[in-house]
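Note that the numbering used here gives residue 845 to position 104 of the sequence shown, counting from 1, and the numbers run on in steps of one.
Think of the CB as a built atom: it goes at the ideal place given N, C-alpha and C, for glycine as much as any other residue.
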Amino acid sequence: MNNEIVNRVAKSGLVTIDLADYAPNVEILELDLKDFLFQGHILKEKDFRESLKRFDFTIYENKVAAVFCSNTCIIPMWAFMLAASHLDAITSEVYAGNKETVFQKLFLYNLENINPVEFKNKKVIVKGCSQIPVNEALYITITKKLKNRVSSLMFGEACSAVPVYKNPR
């Protein structure tokens, strides 16, 4: 009897995708429009424009800006446009939404730009546990991206994978 330990996972040809590898590696800073509103709720155009002019935007330099309003009030679209016009020259990028929303948008963008050819006809496992919060939209995106290109797509770990898709060939 041969007592040699064989790593069957290594020999299986499985490719593991950790979605955390595609997480955006940028600093995202929020700009909450409520701070520019009268009593945090009312947009007075003249005051709004003036407070944006006086605001020091240098903290956003070379960062990603997330523009949103944390109060439940009606903000006209031009207010977001005006804020973006101040941020655009100094930031690396400007997005609508809070920090978490923008993080997920960038994460989704990174996944959508994966080259599926590198996974063609391979057995792929998408890791289920991550150090970074991964929502359902990201798992759906990777599934759509790889389905019909891989020989099989699974979720989890090699020791306990859940089959998601198998190419019928």
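Per DSSP, the unbroken beta strand (DSSP E) holding S893 starts and ends at S893 to F896. The C-alpha of K868 is placed about 23 Å away from the C-alpha of V843. A contact between stretches requires three or more CB pairs, one per stretch, nearer than 8 Å, and the stretch 824-843 meets this requirement with the stretch 765-774. A direct Cα-Cα distance of roughly 30 Å separates K787 from E841. The three-state reading of DSSP puts A807 in strand, counting E and B together. For T757, DSSP records a beta bridge to I866. The beta carbon of L887 sits closer than 7 Å to those of P857, F860, V865 and L894, all from its chain and outside the five residues before and after it, given in chain order. A check of alpha carbon separations from K775 across N839, N876 and N851 identifies N839 as the nearest. Bounds of the alpha helix (DSSP H) holding Y850 are K840 to E853. F779 sits exposed, since fewer than 16 C-beta atoms from the chains shown fall within 10 Å of its C-beta. In chain order, L774, V808 and A837 place their CB closer than 8 Å to the CB of F821, counting only its own chain and leaving out the 5 sequence neighbours on each side.
Short of 8 Å from the beta carbon of G754, and not among the five residues preceding or following it, lie these beta carbons of its own chain, in chain order: K863 and K864. Counting every other CB atom within 10 Å of its CB across the protein chains shown gives V905 a total of 16 or more, marking it as buried. Where L772 is concerned, the enclosing beta strand (DSSP E) starts and stops at I769 to D773. Going by DSSP, A825 is part of the alpha helix (DSSP H) stretching over M818 to L828.
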